[in-house]
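Trainee:
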Amino acid sequence: MASIVVIDHPIILRIAALAVDKGASAYVVGGYVRDALMGRARSDVDITIVGDAVDFARQVANLFNSKAVVYERFGTAMVPIGDMHVEFVGTRREEYHANSRKPVVTMGTLDDDLRRRDFTVNAMAASLAPETLGHVVDLFGGQADLADGVLRTPLDPVITMSDDPLRMMRAARFAAQLGFRIDADTERAITDMADRIGIISQERITDEFLKILGAPLPSIGLKVLFQTGLLKHILPEVHALAGVDLVAVGNREYRHKDVFLHTLQVVDNVAKVSNNVWLRLATLMHDVAKPKTKRFVEGTGWTFHGHEDVGARWQEKIFRRMKLPMDHLDYVQRLVRLHQRPMMLVDEGVTDSAIRRLAVAAGEALDDLFVLCKADVTTKNPRLAERYTRNYDVVKAKVDAVAERDQLRSFQSPLRGEEIMSITGLPPSRTIGYIKWMIEEAILEGDIPNDVTAAKNYMLANVDQWVAQAETAHFQRRG
Ligand code: ATP
Ligand code: MG
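Position in the sequence shown (from 1) plus 11 gives the number in our numbering.
(1) Grouping DSSP H, G and I as helix and E and B as strand, with all else coil, what is L426?
(2) With G119 and R104 assumed to form a contact (beta carbons below 8 Å), what rounded beta-carbon distance in angstroms separates them?
(3) For the ligand MG, any of its heavy atoms closer than 6 Å to the Cβ of D218?
(4) In angstroms, rounded to a whole number, what distance separates the CA positions of I329 and I18?
(5) If you draw a straight line from the alpha carbon of R368 to that of L455, how long is it in whole angstroms?
(6) If you measure from the CB of D57, is any heavy atom of the ligand ATP nearer than 6 Å?
(7) Out of T102, I92 and R84, which has the shortest C-alpha to C-alpha gap to K113?
(8) Are there 16 or more other CB atoms within 10 angstroms of the CB of A472, so buried, or fewer, so exposed?
(9) From A79 to I443, what does the alpha carbon distance come to, in whole angstroms?
(10) Just checking my contact of A182 with I193 at CB under 8 Å: how many whole Å lie between their CB atoms?
(11) Does D57 come out as helix, strand or coil in the three-state DSSP assignment?
(12) Taking a contact to mean a Cβ-Cβ separation below 7 Å, would you say P425 touches V463 in this structure?
(13) From the DSSP secondary-structure annotation, give me the bridge partner or partners of E98.
(14) Taking 6 Å as the cut-off, is the C-beta of G153 nearer than that to any heavy atom in the ligand MG?
(15) May I ask you to verify whether the stretch 235-252 touches the stretch 351-365, counting CB pairs closer than 8 Å and requiring at least 3?
(16) Report buried or exposed for V258, applying the criterion of at least 16 other Cβ atoms within 10 angstroms of its Cβ.
(17) Verify the contact flag: G225, CB atom, against every heavy atom of the ligand MG, threshold strictly below 6 Å.
(18) Nearest by alpha-carbon distance to A200: which of V40, D167 and L189 is it?
(19) Check G490 in the structure and name its three-state DSSP category.
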C-alpha cells in the first residue's frame with residue numbers, strides 16, 4: 012500500500028525533468044517527505060541521486076543560474092534557488108575491509124542511502140520519475156511510526172547512534188519539534204551511550220540544542236536530554252537544577268521546589284508567547300545558580316541569595332563553552348541578573364529612582380524581562396497567580412511611564428565626553444568618565460531632569476568639587 016505525496020512545486024518538477032534528460036534516478040528524501048506526509052509546510056528540500064550527486068547538482072545550478080556549494084568530502088552539494096535550499100546527496104555504499112582503515116566507496120543504491128538515516132520517519136523517499144512521481148519508498152515502517160508519533164532508528168539503535176552520536180541530540184530535537192515520543196529501545200541506546208556525545212563538535216551540538224529551544228514546547232526535548240543523561244554532558248549547570256532538598260526542623264520538614272521542573276515550565280510559558288530563542292535561553296538560565304547559592308536558614312527556610320548575580324556571571328563561560336554567538340551574551344546576562352528586580356518594585360512606596368534604575372539596567376531587554384517574570388509565575392493557586400501577574404502589569408506600567416517621561420530607553424548622559432571636555436577644558440581622562448557618571452546618577456536619582464541645559468548647569472555648579480574627588484572616587488553604576 013504505497014502512499015503518494017503530491018509533488019507540485021515548480022522547482023522540484025524542473026529538477027525531476029532534468030533528471031529524466033540526464034538519465035539520472037532522483038528521489039526527494041528525509042524531512043521533506045516526512046513533512047509532506049504530516050501536512051507541514053516547509054521550504055527546504057533534500058534530493059538523493061542514485062549516482063554522482065555533485066555532478067547533477069552542478070547541472071541543476073546551471074539550469075537555475077545558481078551556483079552549487081560542493082562538499083567534496085561527503086559527495087554532497089547545496090544549490091540555492093530563490094529562497095529554497097536544495098540539498099543533493101549521492102547514494103554511496105561505504106565498506107570497510109580487513110586491512111584498510113579507509114572505506115571502499117561504491118555507488119550504492121537508494122536502500123544504502125535510507126538505512127544510513129537517523130529515524131524511520133526521516134528515512135522515506137518519494138520518487139521523482141514521471142511514471143511513479145511522488146510514490147513513497149518506505150523500507151523501515153516510517154509511515155506507521157509517523158502515524159504513531161514515534162522516533163525509531165531504521166537499524167539497530169546502537170548501530171545508528173554509534174555511527175553518528177549527534178543523532179542522540181536529534182532524537183531530543185525531533186521529539187520536541189514534532190511532539191513525538193522516542194521508542195524504548197532507541198531511548199535505552201541513547202541512555203547507554205550518552206557520553207559518546209563528547210566526540211561530536213560543539214557547533215553541531217549547539218545547533219540541535221537551539222532547535223530544541225526553538226520548538227513549540229522545548230520542555231519535551233529538554234526532558235529527553237535530562238532523562239538520557241545527555242544534558243549532564245552538554246549543560247551540566249542546568250542538569251544540576253534537578254532534585255529537591257529536605258531539612259527536618261523539629262517535626263517539620265522543609266523542602267524547596269525542583270528547580271529543573273520549575274524551569275522547564277517557565278521555558279514553556281515563555282515559548283507560548285515569544286519565539287525569541289535568546290529569551291528562551293535566558294529563561295532556561297534564570298535560576299541556574301540556585302544550587303550553588305542554596306542555604307537553609309532556620310526561621311526563614313530555603314534561600315538562594317544572590318543566585319541572579321552568580322547566574323549572570325556564569326553566562327560568559329557557558330556561552331564560550333557552547334560556542335553561542337557572543338552578541339547575545341549581554342542580553343541574556345541582563346535578563347538573568349534582573350529577573351528578581353520587578354518583584355521588588357511591587358511595593359506601593361517604590362521610588363521613581365528605583366524604577367529608573369531598572370529601566371536603564373534592562374535597556375533593550377526591558378519588555379522581555381517582564382515576559383520572563385510573568386512566565387515565572389508557576390504557582391498552582393489561581394488566585395495567587397492572578398495577583399502576581401497583576402502586580403507585574405502594574406510595575407510594568409509604572410516603568411513604562413517613567414522610562415517614557417524621562418526618555419530612558421537608550422539612556423546615557425545628555426552630555427557626551429567631548430562636550431564635557433570642550434566646556435571644562437579638561438583633557439581626556441578618568442575624570443571625564445567620573446563627571447559623566449555623576450550627571451547620569453543625578454538624573455537617575457531624580458535630582459535633575461534628563462536634558463542638556465539641566466546637565467550643563469549642574470555640571471558647572473559642581474565640576475570643581477568633582478575634579479577634586481575624581482582621583483579617589485569609585486564609580487560604578489548601582490545596577
Ligand atoms: P528540518 O525540518 O529541521 O530541516 P530535516 O528532517 O530536514 O528537518 P535535516 O537536519 O535538514 O533535518 O536533515 C535532512 C535529512 O537528512 C533528515 O531528514 C535525515 O533523513 C537526514 N539526516 C540529517 N542529519 C542526519 C544525521 N546526523 N544522521 C542521519 N541522518 C541525517
Ligand atoms: Mg532539512
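Ideal Cβ placement from N, Cα and C applies to all residues, glycine included.
Mentor: From the atom records:
(1) To locate residue 426, count along the sequence shown from 1; it is residue 415. Under the three-state reduction of DSSP, L426 is assigned to coil, being neither helix nor strand.
(2) Looking up residue 119 in the sequence shown gives position 108. Looking up residue 104 in the sequence shown gives position 93. Sure, about 4 Å apart at Cβ, within 8 Å.
(3) Against the sequence shown, residue 218 aligns to sequence position 207. Checking the Cβ of D218 against the ligand MG gives no.
(4) Counted from its first residue, the sequence shown places residue 329 at position 318. Counted from its first residue, the sequence shown places residue 18 at position 7. Looking at the two C-alpha atoms, the distance is approximately 44 Å.
(5) Residue 368 sits at position 357 when you count from the first residue of the sequence shown. Residue 455 sits at position 444 when you count from the first residue of the sequence shown. Approximately 6 Å, taken between the alpha carbons.
(6) Locating residue 57 in the sequence shown gives position 46, where the first residue counts as 1. Checking every heavy atom of the ligand ATP against the Cβ of D57, one is found closer than 6 Å.
(7) As a working note, residue 113 is residue 102 in the sequence shown. Ranked by how close their Cα comes to the Cα of K113, the residues T102, I92 and R84 have R84 in first place.
(8) Here the question's residue 472 lines up with position 461 in the sequence shown. Exposed, by the Cβ-count rule.
(9) Stepping through the sequence shown from its first residue, residue 79 is reached at position 68. Stepping through the sequence shown from its first residue, residue 443 is reached at position 432. Going by the C-alpha atoms only, they are around 55 Å apart.
(10) For the purposes of this step, residue 182 is taken as the residue at position 171 of the sequence shown. For the purposes of this step, residue 193 is taken as the residue at position 182 of the sequence shown. So it is a contact: roughly 5 Å between Cβ atoms.
(11) For the purposes of this step, residue 57 is taken as the residue at position 46 of the sequence shown. When DSSP states are grouped into helix, strand and coil, D57 belongs to the strand group.
(12) Translated into positions along the sequence shown, residue 425 becomes position 414. Translated into positions along the sequence shown, residue 463 becomes position 452. Yes. Within cutoff.
(13) To locate residue 98, count along the sequence shown from 1; it is residue 87. In the DSSP output, where bridge partners are listed per residue, E98 has D57 and M89.
(14) Residue 153 sits at position 142 when you count from the first residue of the sequence shown. Not one heavy atom of the ligand MG falls within 6 Å of the beta-carbon of G153.
(15) These segments do not touch.
(16) The sequence position of residue 258 within the sequence shown is 247, counting from 1. Classification of V258: exposed, given that the 10 Å Cβ count is below 16.
(17) One-based indexing of the sequence shown puts residue 225 at position 214. Not under cutoff, so the answer is no.
(18) What you label residue 200 is simply residue 189 of the sequence shown in a count that begins at 1. If we check each option's Cα against that of A200, D167 comes out closest.
(19) Residue numbering aside, residue 490 sits at position 479 when the sequence shown is read from its first letter. Bear in mind that the predicted position of G490 carries a pLDDT of just 47, short of 50, making it unreliable; the figure below should be weighed with that in mind. Reduced to three states, the DSSP call for G490 is coil.
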